[in-house]
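Peer 1: Under full-length UniProt numbering, the residues of the first sequence are numbered 1 to 885, in order.
Here a beta-carbon is modelled for each residue, glycine too, at the ideal position from N, C-alpha and C.
Because the structure is a prediction, the values reported are computed rather than measured.
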Amino acid sequence: MPGFEDDMPFFDEPARASRPAPGGIAARAMAARQGRSATPDYLNGLNPEQRLAVETTEGPVLVLAGAGTGKTRVLTTRIAHILATGRAFPSQILAVTFTNKAAREMKSRIGMLIGEGNVEGMPWLGTFHSIGVKLLRRHAELAGLRSDFTILDTDDQVRLIKQLIQAEGLDDKRWAPRVFAQMIDGWKNKGLGPAEIPEGDARAFANGKGRELYQAYQNRLLTLNACDFGDLLCHPIRIFRAHHDVLEEYHRRFKYILVDEYQDTNTAQYMWLRLLAQRPRQSASVPAEGRGGDRRPPDVSGAPAQGQPQEAAVRPVSVNICCVGDDDQSIYGWRGAEVDNILRFEKDFPGATVIRLERNYRSTAHILGAASHLIAHNEGRLGKTLFTDRPDPEDAKVNVHAAWDSDEEARAVGEAIEAYQRGGHALNDMAILVRASFQMRSFEDRFIEIGLNYRVIGGPRFYERQEIRDALAYLRVVANSGDDLAFERIVNVPKRGLGEAAIRQIHDTARALGTPMLAAAANLAESDELKPKPRAALREITANFERWQKALDNTPHTELAETILEESGYTDMWKNDRSADAPGRLENLKELIRSMEEYESLRSFLEHVALVMDAEQNEGMDAVSIMTLHSAKGLEFETVFLPGWEEGLFPHQRALDEGGRSGLEEERRLAYVGLTRAKKNLHIWFVSNRRIHGLWQSTIPSRFLEELPEAHVEVQESGNSYGGYGNPYGGSSFASGRGGRQNPYGASRFDSLGQGSSDKGGAFSNSYATPGWQRAQQNRTEATSRNWGTRSGHQVERIGYGETDSGYGAGRGSVKGRTIDGELVAKSVAETPSPFSVGERVFHQKFGNGNIAAIEGNKLTIDFDKAGQKKVLDSFVEGSRGVGE
DNA sequence: CACAATTGACTTTTT
DNA sequence: GTCAATTGTG
Numbered sequence: 001m002p003g004f005e006d007d008m009p010f011f012d013e014p015a016r017a018s019r020p021a022p023g024g025i026a027a028r029a030m031a032a033r034q035g036r037s038a039t040p041d042y043l044n045g046l047n048p049e050q051r052l053a054v055e056t057t058e059g060p061v062l063v064l065a066g067a068g069t070g071k072t073r074v075l076t077t078r079i080a081h082i083l084a085t086g087r088a089f090p091s092q093i094l095a096v097t098f099t100n101k102a103a104r105e106m107k108s109r110i111g112m113l114i115g116e117g118n119v120e121g122m123p124w125l126g127t128f129h130s131i132g133v134k135l136l137r138r139h140a141e142l143a144g145l146r147s148d149f150t151i152l153d154t155d156d157q158v159r160l161i162k163q164l165i166q167a168e169g170l171d172d173k174r175w176a177p178r179v180f181a182q183m184i185d186g187w188k189n190k191g192l193g194p195a196e197i198p199e200g201d202a203r204a205f206a207n208g209k210g211r212e213l214y215q216a217y218q219n220r221l222l223t224l225n226a227c228d229f230g231d232l233l234c235h236p237i238r239i240f241r242a243h244h245d246v247l248e249e250y251h252r253r254f255k256y257i258l259v260d261e262y263q264d265t266n267t268a269q270y271m272w273l274r275l276l277a278q279r280p281r282q283s284a285s286v287p288a289e290g291r292g293g294d295r296r297p298p299d300v301s302g303a304p305a306q307g308q309p310q311e312a313a314v315r316p317v318s319v320n321i322c323c324v325g326d327d328d329q330s331i332y333g334w335r336g337a338e339v340d341n342i343l344r345f346e347k348d349f350p351g352a353t354v355i356r357l358e359r360n361y362r363s364t365a366h367i368l369g370a371a372s373h374l375i376a377h378n379e380g381r382l383g384k385t386l387f388t389d390r391p392d393p394e395d396a397k398v399n400v401h402a403a404w405d406s407d408e409e410a411r412a413v414g415e416a417i418e419a420y421q422r423g424g425h426a427l428n429d430m431a432i433l434v435r436a437s438f439q440m441r442s443f444e445d446r447f448i449e450i451g452l453n454y455r456v457i458g459g460p461r462f463y464e465r466q467e468i469r470d471a472l473a474y475l476r477v478v479a480n481s482g483d484d485l486a487f488e489r490i491v492n493v494p495k496r497g498l499g500e501a502a503i504r505q506i507h508d509t510a511r512a513l514g515t516p517m518l519a520a521a522a523n524l525a526e527s528d529e530l531k532p533k534p535r536a537a538l539r540e541i542t543a544n545f546e547r548w549q550k551a552l553d554n555t556p557h558t559e560l561a562e563t564i565l566e567e568s569g570y571t572d573m574w575k576n577d578r579s580a581d582a583p584g585r586l587e588n589l590k591e592l593i594r595s596m597e598e599y600e601s602l603r604s605f606l607e608h609v610a611l612v613m614d615a616e617q618n619e620g621m622d623a624v625s626i627m628t629l630h631s632a633k634g635l636e637f638e639t640v641f642l643p644g645w646e647e648g649l650f651p652h653q654r655a656l657d658e659g660g661r662s663g664l665e666e667e668r669r670l671a672y673v674g675l676t677r678a679k680k681n682l683h684i685w686f687v688s689n690r691r692i693h694g695l696w697q698s699t700i701p702s703r704f705l706e707e708l709p710e711a712h713v714e715v716q717e718s719g720n721s722y723g724g725y726g727n728p729y730g731g732s733s734f735a736s737g738r739g740g741r742q743n744p745y746g747a748s749r750f751d752s753l754g755q756g757s758s759d760k761g762g763a764f765s766n767s768y769a770t771p772g773w774q775r776a777q778q779n780r781t782e783a784t785s786r787n788w789g790t791r792s793g794h795q796v797e798r799i800g801y802g803e804t805d806s807g808y809g810a811g812r813g814s815v816k817g818r819t820i821d822g823e824l825v826a827k828s829v830a831e832t833p834s835p836f837s838v839g840e841r842v843f844h845q846k847f848g849n850g851n852i853a854a855i856e857g858n859k860l861t862i863d864f865d866k867a868g869q870k871k872v873l874d875s876f877v878e879g880s881r882g883v884g885e
């Protein structure tokens, strides 16, 4: 990671005042010093507010930057400005973001502003966590760690907790490790250690042993020389508090602090920032302005130990902290973000300058109008109103569409996308933003069917995949033989005949000897405490690790990684795996090796993997993006589709149940984020029926639809422009509801469409299925329909299929029936020998060509060329002869 | 010990 | 409906 080199000296870099500063910057700094005030080109094109935000470098500044108002530009220009005017050296600037993506973006934009070549030491720019790691590596011993500590991800964390719960003799069913991991996360988000958590919280878990368990977990982490994500924030906080000399070191170092997405900070991050940004009077260092107008950075070359000349501090040092955020885009409350941090800024930092950026450069007046009107329904805002000075009468209004069910929704969106495409729009400029990821499937299915390129953003992360985590575990053990969690993960992967018993044995030995598990295993392999088989297996694997570790220093790390995966039998394991995703996994492993090339050593690679591994694939192709509203924050698209605006889904029922009013407001902010992603075209969809947890439920339109202003919205007369299927609801009822009242629409404007939406809770009303109830339901339908199912046999399927293919006018009953038919026919005709054989090439109307991977009765598992692996009934496919390849 | 059958959960997600 | 994780069986 450029700019994050750990060997970069801490304090001597800005020291050589005599050393020529990089060209452009030096020249500008010189100009600034000499009072020449020609506007530097990097300031050109900023509007007055933006310029103020850039040039108000001293003192606390809060920039309230609405969506699309040039927030990132302000941040990056501000950094460039500070550098160009010689106010600070790069290393004296700390810039914090939330995501790696944002960090990368800022880095490259700063690079562009000040010239790549000139970047001699970038600012400390990174996520809270990556900066936390950097701090912690330097001061690990103060937290009871060694500086080569490992970073556990959620998966490791959960497995560890599970062990602890079992060690306590507790039932890990009743006390789910995952739940406890979340509790710990929650505490750490608040900066609370085991001693500080509220009594109630402590009692709520593990028969009141919550606190002990938390403590045990922390102890275990120290033994393992490991940190979880929360610790990356909490340890530095604790170190800062306990060691003032360390904190002062950083006070001297960081002259300017910048924070992106301030509305998303949680309590721990807030404390972390406060510690760095607020300097107690008595320990204040020399204010730069105190040096007689000389704007050069203060000389901080003296090593900390040497000490600064302690001039009596006259006043608190101005905290040059600049936080940029938008309270209306706070959508991470559920994971500990405190909107309050931004609402409170002026109190926290007295004398703060607050700058509002309200001039929007992104969206049309209609979109802004809709978004503003919607968000105005929230209370407790700092209040901003976005405006554009480029209204265009040609702009399209925000479109609201209705669909019968999610399949029709997907179909209609698909057709709209194709229509835009025909109109010359690139797929890359379009996005579908959903509330919950399960909504993605119907779009994916549909797009595969019609051959529309799409990409899913923010799915399961690359490094979270099983094969990647396994491979990494091997590498982790090689790099650090004390990594027990990693060792345990792969001792028996691939299967080596080392089961529960053997692993417990290794555990016990490790504990008895006080060594890591790998060493214990080596020991055990030489003793006769194990049966011959596991013993041989252990001997082999420990010998392997020993050999790999020896090779670590004299083999290129990518090569070593390949060797390890080969020799351990790991790649063979997947090569022998017949399942459809095995080739993909092998491909991923190759990708992993490729990605290692960018790092100079195995160690540095592993460090980055833990924190910053996200693979963006398919970047090259033109494709529609599908993602959740959450992951869309910060992005923009020409055309945006927002499906699923129904009560219960959006706003989500659970947000309402658990968050009450504030939950609703967060959902509304999420809607606001969604609306403001669109530059030109915005289409909102809602459906009357949606399948949740396998059951069809009727739904009513989202209340957010009622909150859109009539003037900027156009309600589409149902999907009549999208193909010839019937309109299942009265299209005219859209128009009918328009009336007076405060809300320009009648309350039931969209309601009237919700055919069969009798039960008020809709899809997500509390009545919905517990797993048991649901299964009972399923059994019942199956039982009742078995009779006519056997009678009609394949006939029924074809009808069912025909309906799927040709029309959505059929009521939901038949849609339901289709599914049931699939089930029941499969069971009733199970004995009939299949006309197909494994490996045969077949054609399916919906999924195209594919090869049969497996046959069970009349159910075929087929690897489709385009659609991947699907299970279908044999009557749906035909031999692919004649259906050209 | 390995595999198949069964059970249960299931909003959002970064690091 | 789908997934993973756990339980029961060979």
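Under 8 angstroms, with one C-beta from each stretch per pair, do the stretch 636–644 and the stretch 154–168 reach the 3-pair mark?
Peer 2: As far as the Cβ criterion goes, the stretch 636–644 does not touch the stretch 154–168, which means the pair count is below three.
Peer 1: For isoleucine 417 and valine 624, which I take to be in contact (beta-carbon distance under 8 angstroms), what is that distance rounded to the nearest angstrom?
Peer 2: Right, their Cβ atoms sit about 6 angstroms apart.
Peer 1: Within the continuous beta strand (DSSP E) that includes tryptophan 696, where are the two ends?
Peer 2: Segment 695–698, the beta strand (DSSP E) holding tryptophan 696.
Peer 1: Here's a check: name, in chain order, each residue in its chain whose Cβ is nearer than 6 angstroms to the Cβ of alanine 365, leaving out the five neighbours to either side.
Peer 2: Excluding residues within five positions, the ones whose Cβ falls inside 6 angstroms are Thr388, Pro391.
Peer 1: Tell me the rounded alpha-carbon separation between glutamate 500 and glutamate 488.
Peer 2: Their backbone Cα atoms lie some 11 angstroms apart in a straight line.
Peer 1: On the three-pair Cβ rule with 8 angstroms, is the stretch 92–110 touching the stretch 134–144?
Peer 2: Not touching, per the Cβ criterion.
Peer 1: Hey, out of Thr555, Ile237, Arg253, Leu682, whose CA is closest to proline 90's CA?
Peer 2: Of Thr555, Ile237, Arg253, Leu682, the residue nearest in Cα terms is Arg253.
Peer 1: Rounded to the nearest angstrom, what separates tyrosine 217 and alanine 426 at their Cα positions?
Peer 2: Taking the straight line from one Cα to the other gives about 51 angstroms.
Peer 1: Where does glycine 761 sit, in a helix, a strand or coil, going by DSSP?
Peer 2: Low per-residue confidence applies at glycine 761: pLDDT is 33, beneath 50, and the placement is therefore not dependable, though the value from the model is reported in the following sentence. Glycine 761: coil per DSSP, three-state reduction.
Peer 1: Could you check the C-alpha separation between arginine 411 and tyrosine 420 for me, to the nearest Å?
Peer 2: Their backbone Cα atoms lie some 14 angstroms apart in a straight line.
Peer 1: Ignore the nearest five residues each way along the sequence and tell me which others in leucine 382's own chain have a CB closer than 8 angstroms to its CB.
Peer 2: If we look at leucine 382 and ignore the five residues flanking it on each side, its Cβ neighbours are Leu64, Asp327, Ile342, Leu343.
Peer 1: Closest to leucine 386 by C-alpha separation, out of Glu559, Ala543, Thr69, would be which residue?
Peer 2: Ranking the options by Cα distance to leucine 386, first place goes to Thr69.
Peer 1: Would you mind stating whether serine 108 and leucine 611 have Cβ atoms separated by less than 8 angstroms?
Peer 2: Not in contact: serine 108 and leucine 611 (Cβ atoms no closer than 8 angstroms).
Peer 1: In chain order, what residues of the same chain have a beta carbon less than 6 angstroms from the beta carbon of glutamate 597, not counting five sequence neighbours either side?
Peer 2: Thr558, listed in sequence order.
Peer 1: Starting from glutamate 415 and walking both ways along the alpha helix (DSSP H), at which residues does that stretch end?
Peer 2: It spans 406–422 - the alpha helix (DSSP H) in which glutamate 415 sits, taken as one unbroken run.
Peer 1: Determine the direct distance from the alpha carbon of alanine 522 to that of residue 902, and round the result to whole angstroms.
Peer 2: The requested residue 902 is not part of the displayed model; the chain covers only 1 to 885.
Peer 1: Mind reading off the beta-carbon distance from valine 713 to alanine 370? Whole number of angstroms is fine, and I expect it under 8 angstroms.
Peer 2: That pair is a contact at about 6 angstroms.
Peer 1: Under the three-state reduction of DSSP, which class applies to serine 702: helix, strand or coil?
Peer 2: Coil.
Peer 1: State buried or exposed for glycine 230, treating a residue as buried only when at least 16 other CB atoms are found within 10 Å of its CB.
Peer 2: The residue in question, glycine 230, is buried, as its Cβ has 16 or more Cβ neighbours within 10 Å.
Peer 1: Would you mind stating whether arginine 146 and asparagine 207 have Cβ atoms separated by less than 8 angstroms?
Peer 2: In this structure, asparagine 207 does not lie closer than 8 angstroms to arginine 146 by Cβ.
Peer 1: Going by DSSP in three states, glutamine 52 sits in which element: helix, strand or coil?
Peer 2: In the sequence under discussion, the amino acid at residue 52 is leucine, which differs from the glutamine named in the question. It is helical.
Peer 1: For isoleucine 636, which residues of its own chain have a beta-carbon under 7 angstroms away from its beta-carbon, when the five flanking residues on both sides are left out?
Peer 2: Going by the sequence as given, residue 636 is glutamate instead of isoleucine. Contacts found: Gly68, Arg362, Arg677, Lys679.
Peer 1: Using 10 angstroms around the beta-carbon of isoleucine 197, count the other beta-carbons present and answer buried if the total reaches 16, otherwise exposed.
Peer 2: Isoleucine 197 comes out buried.
Peer 1: Only counting the same chain, and skipping five residues up and downstream in sequence, which positions put a Cβ closer than 7 angstroms to that of leucine 656?
Peer 2: Excluding residues within five positions, the ones whose Cβ falls inside 7 angstroms are Gly663, Leu664.
Peer 1: Could you say which of Glu358, Ala337, Ala486 lies nearest to glutamine 50 if we only look at CA atoms?
Peer 2: Glutamine 50 has its Cα closest to that of Glu358, out of Glu358, Ala337, Ala486.
Peer 1: What number of angstroms, rounded off, separates the C-alpha of aspartate 581 from the C-alpha of leucine 589?
Peer 2: Cα-Cα distance, rounded: 13 angstroms.
Peer 1: Assuming aspartate 405 contacts arginine 690 (C-beta within less than 8 angstroms), just tell me the rounded distance between them.
Peer 2: Correct: roughly 7 angstroms between the Cβ atoms.
Peer 1: If you count every other CB in all the chains shown that lies within 10 Å of the CB of leucine 824, and 16 or more means buried, which is it?
Peer 2: Per-residue confidence for leucine 824 stands at a pLDDT of 27, beneath the threshold of 50, marking its modelled position as unreliable; no derived number is given.
Peer 1: Whole angstroms are fine: how far does the CA of asparagine 219 sit from the CA of proline 583?
Peer 2: Rounded to the nearest angstrom, the two C-alpha atoms are 41 angstroms apart.
Peer 1: Where DSSP assigns a beta bridge to alanine 226, which residues make up the other side?
Peer 2: Beta-bridge pairing links alanine 226 to Thr150.
Peer 1: Taking the alpha-carbon positions, what's the isoleucine 79 to tyrosine 250 distance?
Peer 2: Each residue's alpha carbon lies about 19 angstroms from the other.
Peer 1: Under DSSP, the beta strand (DSSP E) around phenylalanine 641 begins and ends at which residues?
Peer 2: Note, phenylalanine 641: beta strand (DSSP E), 637–642.
Peer 1: Should leucine 518 and valine 493 be called a contact, given that it needs their Cβ atoms to be closer than 8 angstroms?
Peer 2: No.
Peer 1: Glycine 169: buried (16+ other C-beta within 10 angstroms of its C-beta) or exposed?
Peer 2: That one is exposed.
Peer 1: I'd like the span of the beta strand (DSSP E) that includes lysine 320, first residue to last.
Peer 2: The question names lysine, yet the displayed sequence has asparagine at residue 320. First-last of the beta strand (DSSP E) with asparagine 320: 320–325.
Peer 1: Comparing C-alpha positions only, which one of Arg465, Asn453, Ala140, Lys347 sits nearest to glutamate 587?
Peer 2: Ranking Arg465, Asn453, Ala140, Lys347 by Cα distance to glutamate 587 puts Arg465 first.
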